[in-house]
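Participant: In our numbering, the protein residues as written are 1 to 388.
1) Less than 6 Å between C-beta atoms, sequence neighbours within five positions excluded: which residues of the same chain meet that for residue 15?
2) By how many angstroms is the C-alpha of residue 158 removed from the C-alpha of residue 111?
3) Kindly give me the distance between the Cβ atoms of residue 252 and residue 210, rounded to whole angstroms, as I take these residues to be in contact under 8 Å.
4) Could you tell me which uninterrupted beta strand (DSSP E) segments, each at least 3 residues in length, are contained entirely in the region 182–240, listed from first to last along the chain?
5) Short of 7 Å in beta carbon distance, which residues of its chain neighbour residue 32, apart from the five on each side in sequence? Order them along the chain.
6) DSSP state of residue 372, grouped into three classes?
7) Is the closest heavy atom of the ligand NAP to the C-beta of residue 361 under 7 Å?
8) May I ask you to verify whether the region 122–140 touches the region 81–97, counting CB pairs closer than 8 Å and requiring at least 3?
9) Measuring straight from C-alpha to C-alpha, what distance separates residue 133 and residue 218?
10) Quick one: what does DSSP say residue 287 is sitting in, helix, strand or coil?
11) Alpha carbon to alpha carbon, how far is residue 349 from residue 335?
12) My output table needs one value for residue 147: the three-state DSSP class, helix, strand or coil.
13) Determine contact between the region 261–274 and the region 360–376, defined as no fewer than three beta-carbon pairs at a distance below 8 Å.
14) Output the boundary residues of the beta strand (DSSP E) element that contains residue 261.
15) Within the same chain, show all residues whose beta-carbon is closer than 7 Å to that of residue 49, passing over the 5 residues directly before and after it, in chain order.
16) Hey, is the region 368–379 in contact with the region 194–209, meaning 3+ C-beta pairs nearer than 8 Å?
17) With a threshold of 8 Å on Cβ separation, who are the neighbours of residue 246 within its own chain once the five nearest residues in sequence on each side are excluded?
18) With distances taken between CB atoms, is the gap from residue 174 to residue 234 smaller than 8 Å?
19) Residues in the same chain with beta-carbon distance under 6 Å from residue 369, minus the five sequence neighbours each way, listed in chain order, please.
20) Between which two residues does the beta strand (DSSP E) containing residue 248 stretch?
21) Below 7 Å CB to CB, which residues in the same chain sit around residue 315 once its five sequence neighbours on both sides are set aside?
22) By DSSP's criteria, residue 71 is part of a beta bridge. Which residues make up the other side?
23) On the criterion of 16 or more Cβ atoms from any shown chain inside 10 Å, does residue 290 qualify as buried, or is it exposed?
24) Is the separation between the beta-carbon of residue 76 and that of residue 320 shorter than 8 Å?
25) Around the C-beta of residue 452, are 16 or more other C-beta atoms found within 10 angstroms, so that it is buried, or is it exposed?
26) Which one of 105, 61, 137 has the shortest CA to CA distance from residue 71?
27) Compare the Cα-Cα distances from residue 153 to each of 41, 341, 303 and report the closest residue.
28) Start and end of the beta strand (DSSP E) containing residue 303?
29) Could you check where the alpha helix (DSSP H) with residue 175 kicks off and where it finishes?
30) Where do the N-terminal and C-terminal ends of the alpha helix (DSSP H) with residue 128 fall, by residue?
31) Using the C-alpha atoms, what's the distance from residue 325 back to residue 115?
32) Apply the 10 Å Cβ neighbour rule to residue 79 and answer buried if 16 or more other Cβ atoms are within range, or exposed otherwise.
33) Buried or exposed for residue 313, please, with buried defined as at least 16 other CB atoms from any protein chain shown within 10 angstroms of its CB.
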């Protein structure tokens, strides 16, 4: 979900924009795994996708090409669709019929409608209140706009125990539907003997990734299979190398021609902390995945990786400067269907055995759910227990 702002709405004034922000309950946003996208992030992200459309997909007009439809499956208050419209400049009103926004929260959707109506000077916008993960087809007519670009900042968060009553909020049709979409992400992990890691896969952003790949690149009977498409999100970066996500990486390498990863870091825990572009401690990354035509499932997609480091303000400033793919230094990631979406290690270090090979049995450490029961010294723990 995105934060209000942007040059298209400067006429509202900063005071009015602040009121807009305060109208959304922050506790509900956090509970839903929703975090606002800074304007610099959305704008830089959109410019990179535009460059992919022009240079890699062969669409000289970019987003303005009549074959392109843009879908934000978690539109929030509309920052991504506004960034697309702003990039189009004077031609923005022509984009209106080809912008689709889906959102689960009515308050955010109402704000998105207000902002986009003002920016595009149109009233007939395809903004829908919907649980995206239960929506099997977001388009009214795929034949008219066969090339789908799915872009945005999906919600993040692992969920608790699944019951018959809460399936809609725990992956919905994407996880539980008869199409078995999550099987492609799950089965390779189990085949590799890492089924215990799968708990980390069951996350909202992963479901949104699976939904988007299906809609843009795989859905039978649509232009997606023959004509290709683009999927691009900013999400938690766990999928880049986590063992639970090896099936996700394999599937993306199968259905895409190429995958770009822009790692923004932002690890807020551990010994080497780094500022995040969001107010979270989980590192994040942007990926752009695309295919130009019919899929070649046995041909491994090329994966390239770039990194932006520094403070939060330095990262935002760098993203604000990015105008296209050439403004970043890309390196090829390791090859192999399930390999990490990061460059392979080089030098002598690459020849060392992995820690998991030396110590193959592992388990979670103490999971007490509280800190006072763990102490660096016996005497400190004894005093704490005596106090209790």
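In this text, a Cβ means the ideal position worked out from N, Cα and C, and glycines have one as well. What you are looking at is a predicted structure, and each value in this text was computed from that prediction instead of being measured.
Facilitator: On the basis of the data shown:
1) As a first step, residue 15 must be located in the chain shown, where it is residue number 15. Unreliable positioning characterises residue 15 in this predicted model, as indicated by a pLDDT of 39, which lies under 50. The coordinate reading is nonetheless provided below. Hits under 6 Å: none found.
2) Looking up residue 111 in the chain shown gives position 111. Looking up residue 158 in the chain shown gives position 158. Straight-line measurement puts the Cα of residue 158 at about 27 Å from the Cα of residue 111.
3) Sequence index remark: in the chain shown, residue 252 carries index 252 (1-based). Sequence index remark: in the chain shown, residue 210 carries index 210 (1-based). Actually they are not in contact, since the Cβ atoms of residue 252 and residue 210 sit about 10 Å apart, beyond 8 Å.
4) 229–236
5) Numbered from 1 along the chain shown, position 32 holds the residue referred to as residue 32. Annotation note: pLDDT 49 at residue 32 (below 50); position unreliable, coordinate value reported separately. So the list reads 155, once near-sequence residues are dropped.
6) For the purposes of this step, residue 372 is taken as residue 372 along the chain shown, with counting starting at 1. Residue 372 falls in the coil class under three-state DSSP.
7) The ligand NAP is absent from the structure shown, which contains no ligands of any kind.
8) yes
9) Start at 1 with the first residue of the chain shown, and residue 133 comes out as number 133. Start at 1 with the first residue of the chain shown, and residue 218 comes out as number 218. Roughly 16 Å separates the two Cα atoms.
10) Locating residue 287 in the chain shown gives position 287, counting from the first residue. Strand, per DSSP.
11) By 1-based counting over the chain shown, the position of residue 349 is 349. By 1-based counting over the chain shown, the position of residue 335 is 335. Between residue 349 and residue 335, the C-alpha separation is close to 18 Å.
12) What you label residue 147 is simply residue 147 of the chain shown in a count that begins at 1. Strand.
13) no
14) Counted from its first residue, the chain shown places residue 261 at position 261. First-last of the beta strand (DSSP E) with residue 261: 258–265.
15) Along the chain shown, read from residue 1 onward, the residue named residue 49 stands at position 49. Shown here for residue 49: same chain residues with a beta carbon closer than 7 Å to its own, the five before and five after excluded, namely 149, 151, 230, 232, 288 in chain order.
16) no
17) Your numbering for residue 246 matches position 246 in the chain shown. Taken in chain order, the residues that qualify are 188, 189, 192, 194, 338.
18) The sequence position of residue 174 within the chain shown is 174, counting from 1. The sequence position of residue 234 within the chain shown is 234, counting from 1. Taking 8 Å as the Cβ cut-off, residue 174 and residue 234 do not qualify as a contacting pair.
19) What you label residue 369 is simply residue 369 of the chain shown in a count that begins at 1. Once the five neighbours on either side are set aside, residue 369 has no close Cβ partner at all.
20) Residue mapping note: residue 248 aligns to position 248 of the chain shown, counting from 1. Note, residue 248: premise wrong, no beta strand (DSSP E); alpha helix (DSSP H) at 246–255.
21) Here residue 315 corresponds to residue number 315 of the chain shown, with the count starting at 1. The residues are 264, 277, 308.
22) Taking the chain shown and counting its residues from 1, one reaches residue 71 at position 71. Answer by DSSP bridge pairing, in chain order: 100, 150.
23) Stepping through the chain shown from its first residue, residue 290 is reached at position 290. Residue 290 should be labelled buried.
24) Locating residue 76 in the chain shown gives position 76, counting from the first residue. Locating residue 320 in the chain shown gives position 320, counting from the first residue. No, Cβ-Cβ distance for residue 76 and residue 320 is not below 8 Å.
25) Nothing can be reported for residue 452: it is not among the residues displayed for the chain, which extend from 1 to 388.
26) Sequence index remark: in the chain shown, residue 71 carries index 71 (1-based). Ranking 105, 61, 137 by Cα distance to residue 71 puts 137 first.
27) Taking the first residue of the chain shown as position 1, residue 153 is located at position 153. The option with the nearest alpha carbon to residue 153 is 41.
28) Numbered from 1 along the chain shown, position 303 holds the residue referred to as residue 303. First-last of the beta strand (DSSP E) with residue 303: 302–307.
29) The count along the chain shown starts at 1 and reaches residue 175 at position 175. 172–176 is the span of the alpha helix (DSSP H), which, as asked, contains residue 175.
30) Residue numbering aside, residue 128 sits at position 128 when the chain shown is read from its first letter. It is not in any alpha helix (DSSP H) - residue 128 instead sits in the beta strand (DSSP E) that spans 126–129.
31) The sequence position of residue 115 within the chain shown is 115, counting from 1. The sequence position of residue 325 within the chain shown is 325, counting from 1. Each residue's Cα considered, the two are about 29 Å apart.
32) What you label residue 79 is simply residue 79 of the chain shown in a count that begins at 1. With 16 or more other CB atoms across the displayed protein chains lying within 10 angstroms of its CB, residue 79 is buried.
33) Within the chain shown, residue 313 is the residue found at index 313, counting from 1. That one is exposed.
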